[in-house]
Amino acid sequence: MKFIQRMKNNFHLDDIRLRNKFFIMYVLCVFVPIICTNIIFYNLMSNNVQEQRMEDIQISLAQVHLELERMIEAAVSVSWVFYTDYNLYLLLDSQYHNPADFVAAYDGYMRRILNSYTPVYTSVQNIKIYVNNPMLLHSGGIAFLSDSTRDSAWYKMLEQRTSSEPILVRASKEDSISSGRVAEPQDTFNIIRVMDYNDSLNHWEKVLKIELKTESFDLILGNLNIPGSVYLVDPNGMVQYSTNPDVNWRSEHLHMSEINVNGDIAVFEGEHFDMNPLQDWYIVAHVAEDQIMHEAPEARQFVLWFALMNIMLATVIIVVISRSITKRLGFLLGQMKRVKNGNFDLVNKRESVDEIGQVTTEFNRMTRQISALINDVYVADIKEKNMELEHRYAQLNALQSQINPHFLFNALETIRMRSMMKSEKETAKIIHNMAKLFRSSLTWKRDKIKLKEEVEFIICFLEIQKYRFADRLDYSIELDSEAENCLVPKMIYLPFVENACIHGVEKVKRGGKVMISLKVLQDKLHFHIEDNGAGMDEEQVQKIYSYLEENKDLGERIGMQNVLYRLKLFYEDQFEFSITSQQGIGTSISLIIPAQQ
Numbered sequence: 001m002k003f004i005q006r007m008k009n010n011f012h013l014d015d016i017r018l019r020n021k022f023f024i025m026y027v028l029c030v031f032v033p034i035i036c037t038n039i040i041f042y043n044l045m046s047n048n049v050q051e052q053r054m055e056d057i058q059i060s061l062a063q064v065h066l067e068l069e070r071m072i073e074a075a076v077s078v079s080w081v082f083y084t085d086y087n088l089y090l091l092l093d094s095q096y097h098n099p100a101d102f103v104a105a106y107d108g109y110m111r112r113i114l115n116s117y118t119p120v121y122t123s124v125q126n127i128k129i130y131v132n133n134p135m136l137l138h139s140g141g142i143a144f145l146s147d148s149t150r151d152s153a154w155y156k157m158l159e160q161r162t163s164s165e166p167i168l169v170r171a172s173k174e175d176s177i178s179s180g181r182v183a184e185p186q187d188t189f190n191i192i193r194v195m196d197y198n199d200s201l202n203h204w205e206k207v208l209k210i211e212l213k214t215e216s217f218d219l220i221l222g223n224l225n226i227p228g229s230v231y232l233v234d235p236n237g238m239v240q241y242s243t244n245p246d247v248n249w250r251s252e253h254l255h256m257s258e259i260n261v262n263g264d265i266a267v268f269e270g271e272h273f274d275m276n277p278l279q280d281w282y283i284v285a286h287v288a289e290d291q292i293m294h295e296a297p298e299a300r301q302f303v304l305w306f307a308l309m310n311i312m313l314a315t316v317i318i319v320v321i322s323r324s325i326t327k328r329l330g331f332l333l334g335q336m337k338r339v340k341n342g343n344f345d346l347v348n349k350r351e352s353v354d355e356i357g358q359v360t361t362e363f364n365r366m367t368r369q370i371s372a373l374i375n376d377v378y379v380a381d382i383k384e385k386n387m388e389l390e391h392r393y394a395q396l397n398a399l400q401s402q403i404n405p406h407f408l409f410n411a412l413e414t415i416r417m418r419s420m421m422k423s424e425k426e427t428a429k430i431i432h433n434m435a436k437l438f439r440s441s442l443t444w445k446r447d448k449i450k451l452k453e454e455v456e457f458i459i460c461f462l463e464i465q466k467y468r469f470a471d472r473l474d475y476s477i478e479l480d481s482e483a484e485n486c487l488v489p490k491m492i493y494l495p496f497v498e499n500a501c502i503h504g505v506e507k508v509k510r511g512g513k514v515m516i517s518l519k520v521l522q523d524k525l526h527f528h529i530e531d532n533g534a535g536m537d538e539e540q541v542q543k544i545y546s547y548l549e550e551n552k553d554l555g556e557r558i559g560m561q562n563v564l565y566r567l568k569l570f571y572e573d574q575f576e577f578s579i580t581s582q583q584g585i586g587t588s589i590s591l592i593i594p595a596q597q
C-alpha cells in the first residue's frame, strides 16, 4: 500500500512527454477502436450486400437512360416545330429584291423563333438551318449549304436515310466549322433532318441542324451514383461518348470490344433505346469491383452501439490528456500577455519535465533577458538613432550650403561683366534681385517654404539672366493658384532653372525660351520646365539618371546632382523624376512630389 501511495505521490501526468501523450491518444482512441470495429464489422458482413449495390448501379443506369431519352426527345420536339413551320418555309424559299427585305423578314419572324427555344431547352447549344437559296444572308441561324458542307460526314449521314426522320450524329462545334479548320474533333452531338414537309415550298434544299451541349451529356452520363466509366454506344457497337478520361472518343473511332476490361471490372449494360433517333443505342458502365460497396443490414444496430462506445471512450481519454496540455498552455498564454503589457513577473509553477515545462522554463529565461535588454540595449539603440538623425540633418545643411556659393558665384560674375561693358540704370534692379537672393540664401531658418516664395526666387534669377542675355532669353511661368501654398524644400527648383539658362539658352544665339509650369494634380505637385537650348546627348541624360541610384555621402556634388540627393533625403522613394533631351532641340524635365500644405 505504501508503495502504491508513493507511486501516486510521485506520478504526475505533466511529467509524461508530449510525444508519449499523443501516442497514448492514438493507441487508445484511434488504433484500438478501429481494429476492433473492423474485425467485428467484416465478420458480420455477407456477400449478398454486393448484389444490392449492383442493383443500385443498375437503377442509376436506368435513370441515366431515362434522362438522356428525355433530353433527346426535347431536342427532337424542337426539330418538329421547325420542320412543320409553314412561315419558316415561306421565309427561306422567298426571293428577296435586296438584303434589307430579307433582314426585315428575318427580324420579324426568324430571330423570334430562334431566341424562343435556346433559353427554354437548356440542352440546346445552337440551331442552324442550311439552305442553298442565294438571296439569303447567311448569319444568325442561317448558313449556306455549300459544297464543303455537303462533303462533311454529318451531311453524308442524311444521304443514307430514306425518310426525313431526325438523325443523331456527332460532329464538330459550329464555331470550329466556321473557323475553317478541317481536323477538328467530333466533340458535340447534333439532331439533323431534311426540311421537306411543305412540298409546295421546297424550291431550295434546306437542312436543319440542332447542336446539343456536350455539358448536358457530361451532366447526365456523369452520374455520381455510378462509380466508374460510362459509355454511350451506337447500334454498330461504336463508342460515341465516354466518361473514361483514357478513352479519346472525340477523335478516335473505338468499338466497344476494343475497350480493355480487366478481371476486377464489373460490366453493366442498360436497355436499348426504342425511340428515334436513339433507336438501338445503349449505355454501358464499367465499375471496379472494389467500388461496389456493401453493408450488412443485420449488423447496423450493433455497429451503432459499438461506435457510440468508442466515441465515449475516446472522449474521456482525450479530455483527461488534453486538460494536461490546455490548462498549462492557457496559463502560459496569459502570462505572455502580461509581459506584452510590461509586467515581467516569472511563472511560479511546479517545474515539469515535458515539453510544456521546458517551454515554461525558457519563457522565464526570456523574460529576464527582455527586462535586461530594455534597460541596456534599447536605451543605447535610441541614442544611436538620435545620432543618425543628427548626421542626416548635418548632411542636409551641408547640401543647402553648397548650393548657395555655386549659384552666387555665377550671378555675381554675370553682373560684374555686364556692369563693366556699359553703365545702365537696370543694374540697380539686378543688384536688388541679387541682394534678395543673397539674403534668402544666408537666412536658412526653415527647410521648407511655400511654393510662391520659391517662385519669387526663380523670378529674381530669371530677371538677372534676362538682363544678362537681353533679347536672347524669354521666359514664362504658369503657377496654379491651388499650388501656391504647398510646402517645398527651399531652392529645390532653382538649379533646374539655372541649368536651363546657363547650359541651354546660353548656347543659343537668339530666341531662347524657358517655360515653367507648377500644378497640383491628385494630391501631387507637378513641376515641369522646358527650354529650346543646346540639349544633351544620351550619355549625359543617363549620367543624370545615375544620380538617383547613388547612395554615397554628399562630397563635392553641386547643381542637379545636389538637388536629387536632397529629394531622396526629404521624400525617399515618394518622388518621380524624368528628363528628355535632344541636342540642338532642347531639354524637358518633370518632377512630381507629394503636395503638402
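First residue of the sequence shown? That's 1 in UniProt numbering, and the numbers climb one at a time after it. The beta carbon of each residue, even a glycine, is placed where N, CA and C say it ideally should be.
Item to check | DSSP three-state assignment for His528, whether helix, strand or coil | outcome: Translated into the one-based positions of the sequence shown, residue 528 becomes position 528. Reduced to three states, the DSSP call for His528 is strand.
Next on the checklist: Suppose you measure from the CA of Gln358 to the CA of Arg368; what does that come to, to the nearest Å?
Outcome noted: Taking the first residue of the sequence shown as 1, we reach residue 358 at position 358. Taking the first residue of the sequence shown as 1, we reach residue 368 at position 368. Whole-angstrom Cα-Cα distance: 16 Å.
Checklist entry - Candidates Phe306, Ile192 and Tyr106: which alpha carbon is nearest residue 604's? => result The question about residue 604 has no answer, for the chain in this structure spans 1 to 597.
Next on the checklist: Under DSSP, the beta strand (DSSP E) around Ser517 begins and ends at which residues?
Outcome noted: Against the sequence shown, residue 517 aligns to sequence position 517. Element bounds for Ser517: Gly512 to Leu521.
Checklist entry - Does DSSP put Glu556 in a helix, in a strand, or in coil? => result Mapped onto the sequence shown, residue 556 falls at position 556. The predicted position of Glu556 is uncertain, since its pLDDT is 44 and thus under 50; no value can be drawn from it.
Checklist entry - To the nearest angstrom, how far is it from the Cα of Met195 to the Cα of Ser229? => result Within the sequence shown, numbered from 1, the residue matching residue 195 stands at position 195. Within the sequence shown, numbered from 1, the residue matching residue 229 stands at position 229. Distance between the alpha carbons of Met195 and Ser229 is about 37 Å.
Item to check | Close-in-space but distant-in-sequence residues of the same chain around Ile585 (CB under 6 Å, 5 per side omitted) | outcome: Translated into positions along the sequence shown, residue 585 becomes position 585. In its chain, beyond the 5 residues on either side, Gly535 have a beta carbon closer than 6 Å to the beta carbon of Ile585.
Checklist entry - Between the Cα of Thr243 and the Cα atoms of Ile226, His253 and Leu66, which residue gives the shortest distance? => result Counted from its first residue, the sequence shown places residue 243 at position 243. Residue nearest to Thr243 within the set Ile226, His253 and Leu66 is Ile226 (criterion: CA-CA distance).
Next on the checklist: Rounded to the nearest angstrom, what separates Ala296 and Val76 at their Cα positions?
Outcome noted: Along the sequence shown, read from residue 1 onward, the residue named residue 296 stands at position 296. Along the sequence shown, read from residue 1 onward, the residue named residue 76 stands at position 76. Interpretation of Ala296 is limited by its pLDDT of 47, a score under 50 that renders its predicted location unreliable; no figure is taken from the coordinates.
Checklist entry - What is the C-beta distance between Ile464 and Met434, in whole angstroms, given that I count them as a contact (C-beta under 8 Å)? => result Locating residue 464 in the sequence shown gives position 464, where the first residue counts as 1. Locating residue 434 in the sequence shown gives position 434, where the first residue counts as 1. That pair is a contact at about 6 Å.
Checklist entry - If you run the structure through DSSP and keep just helix, strand and coil, what is Gly357? => result The residue given as residue 357 occupies position 357 in the sequence shown. In the structure shown, Gly357 falls within a helical segment according to DSSP collapsed to helix, strand and coil.
Checklist entry - Helix or strand or just coil, what does DSSP make of Pro489? => result By one-based count along the sequence shown, residue 489 stands at place 489. Looking at Pro489 - three-state DSSP - the assignment turns out to be strand.
Item to check | Through-space distance from Leu114 to Lys524, alpha-carbon basis | outcome: The residue labelled residue 524 in the question sits at position 524 within the sequence shown. The residue labelled residue 114 in the question sits at position 114 within the sequence shown. CA-CA distance, Lys524 to Leu114, rounds to 56 Å.
Next on the checklist: Per the DSSP calculation, Asn190 is bridged to which residue(s)?
Outcome noted: Taking the sequence shown and counting its residues from 1, the one referred to as residue 190 is at position 190. Asn190 is bridged to Val169 and Glu211.
Item to check | Given Phe23 as reference, the closest of Ser94, Lys543, Ile318 and Ser590 once Cα atoms are compared | outcome: The residue labelled residue 23 in the question sits at position 23 within the sequence shown. Of Ser94, Lys543, Ile318 and Ser590, the residue nearest in Cα terms is Ile318.
Item to check | 7 Å CB neighbourhood of Ile210 in its chain, flanking five on each side removed | outcome: Reading the sequence shown from its first residue, position 210 is the one you call residue 210. Within the same chain, and ignoring the five residues on either side of Ile210 in sequence, the residues whose Cβ sits closer than 7 Å to its Cβ are Ala75, Val78, Ser79, Val124, Ile127, Asn190 and Ile191.
Checklist entry - How big is the Cα-Cα spacing for Glu67 and Thr188? => result The sequence position of residue 67 within the sequence shown is 67, counting from 1. The sequence position of residue 188 within the sequence shown is 188, counting from 1. Straight-line Cα distance between these residues: approximately 18 Å.
Next on the checklist: I need the straight-line Cα distance from Ile516 to Gln574, nearest angstrom please.
Outcome noted: Taking the first residue of the sequence shown as 1, we reach residue 516 at position 516. Taking the first residue of the sequence shown as 1, we reach residue 574 at position 574. Ile516 and Gln574 have their C-alpha atoms roughly 22 Å apart.
Next on the checklist: Quick test of your reading: Asp354 and Asp14, contact by CB under 8 Å. State the CB separation rounded to the nearest angstrom.
Outcome noted: Indexing the sequence shown from 1 puts residue 354 at position 354. Indexing the sequence shown from 1 puts residue 14 at position 14. About 6 Å separates the Cβ atoms of Asp354 and Asp14, confirming a contact at the 8 Å cut-off.
Checklist entry - Looking only at its own chain, which residues have a Cβ that is under 8 Å from the Cβ of Met275, when we skip the five neighbours before and after it? => result In the sequence shown, the residue the question calls residue 275 occupies position 275. So the qualifying residues of the chain are Glu69, Ile72 and Glu73.
Checklist entry - Does the stretch 240-254 come close enough to the stretch 145-158 that 3 or more CB-CB pairs lie under 8 Å? => result Result no; under three Cβ-Cβ pairs closer than 8 Å.
Item to check | Cα-Cα separation, Gln596 to Ser371 | outcome: In the sequence shown, the residue the question calls residue 596 occupies position 596. In the sequence shown, the residue the question calls residue 371 occupies position 371. Approximately 41 Å between the Cα atoms of the pair.
Checklist entry - How many angstroms separate the CA atom of Gly222 from the CA atom of Leu201? => result Position 222 of the sequence shown, counting from 1, holds the residue named residue 222. Position 201 of the sequence shown, counting from 1, holds the residue named residue 201. When rounded, the distance between both Cα atoms is 44 Å.
Checklist entry - Among Leu208, Val131 and Leu451, which residue has its Cα nearest to the Cα of Val169? => result Along the sequence shown, read from residue 1 onward, the residue named residue 169 stands at position 169. The residue with the shortest Cα to Cα distance from Val169 is Leu208.
Checklist entry - If you check the beta carbons only, do Ile592 and His526 fall under 8 Å apart? => result Position 592 of the sequence shown, counting from 1, holds the residue named residue 592. Position 526 of the sequence shown, counting from 1, holds the residue named residue 526. Yes, Cβ-Cβ distance for Ile592 and His526 is below 8 Å.
Checklist entry - Whose CA, out of Asn248, Glu252 and Asn485, lies closest to the CA of Leu451? => result Locating residue 451 in the sequence shown gives position 451, where the first residue counts as 1. Nearest to Leu451 by C-alpha distance, out of Asn248, Glu252 and Asn485, is Asn485.
Next on the checklist: Does Val78 come out as helix, strand or coil in the three-state DSSP assignment?
Outcome noted: Counting from 1 along the sequence shown, the entry for residue 78 is found at position 78. DSSP places Val78 in helix when its eight states are reduced to three.
Checklist entry - Do Val497 and Val514 have their CB atoms nearer than 8 Å? => result For the purposes of this step, residue 497 is taken as the residue at position 497 of the sequence shown. For the purposes of this step, residue 514 is taken as the residue at position 514 of the sequence shown. Yes, these two residues count as a Cβ contact at 8 Å.
Item to check | Nonlocal neighbours in the same chain, by C-beta distance under 8 Å from Met54, ignoring five residues either side | outcome: To locate residue 54, count along the sequence shown from 1; it is residue 54. Here Met54 has Ala266, Phe268 and Ile292 as same chain residues with Cβ atoms under 8 Å from its own Cβ, once five neighbours each way along the sequence are excluded.
Item to check | Candidates Asn236, Val261 and Tyr130, of which the one nearest His255 by Cα | outcome: Counting from one through the sequence shown, the residue named residue 255 turns up at place 255. Of Asn236, Val261 and Tyr130, the residue nearest in Cα terms is Asn236.
Next on the checklist: Rounded to the nearest angstrom, what separates His65 and Met238 at their Cα positions?
Outcome noted: Here the question's residue 65 lines up with position 65 in the sequence shown. Here the question's residue 238 lines up with position 238 in the sequence shown. C-alpha of His65 to C-alpha of Met238: approximately 18 Å in a straight line.
Checklist entry - For the putative contact between Ile167 and Pro277, defined by C-beta atoms under 8 Å, what is the C-beta separation to the nearest angstrom? => result The sequence position of residue 167 within the sequence shown is 167, counting from 1. The sequence position of residue 277 within the sequence shown is 277, counting from 1. Between Ile167 and Pro277 the beta-carbon gap is near 5 Å, inside 8 Å, which marks them as a contact.
Checklist entry - Are Val131 and Lys206 close, meaning C-beta to C-beta below 8 Å? => result Against the sequence shown, residue 131 aligns to sequence position 131. Against the sequence shown, residue 206 aligns to sequence position 206. In this structure, Lys206 lies closer than 8 Å to Val131 by Cβ.
Checklist entry - First and last residue of the beta strand (DSSP E) that includes Tyr155? => result Residue mapping note: residue 155 aligns to position 155 of the sequence shown, counting from 1. Here Tyr155 belongs to no beta strand (DSSP E); instead the alpha helix (DSSP H) covers Ala153 to Glu159.
Checklist entry - If you draw a straight line from the C-alpha of Arg111 to the C-alpha of Gly140, how long is it? => result Numbered from 1 along the sequence shown, position 111 holds the residue referred to as residue 111. Numbered from 1 along the sequence shown, position 140 holds the residue referred to as residue 140. Here the alpha carbon of Arg111 sits roughly 8 Å from the alpha carbon of Gly140.
Next on the checklist: Less than 8 Å between the C-beta atoms of Gly505 and Phe469, yes or no?
Outcome noted: In the sequence shown, counting from the first residue as 1, residue 505 sits at position 505. In the sequence shown, counting from the first residue as 1, residue 469 sits at position 469. Looking at the sequence itself, residue 505 is Val, so the reference to Gly does not match. The answer is yes: Cβ separation under 8 Å.
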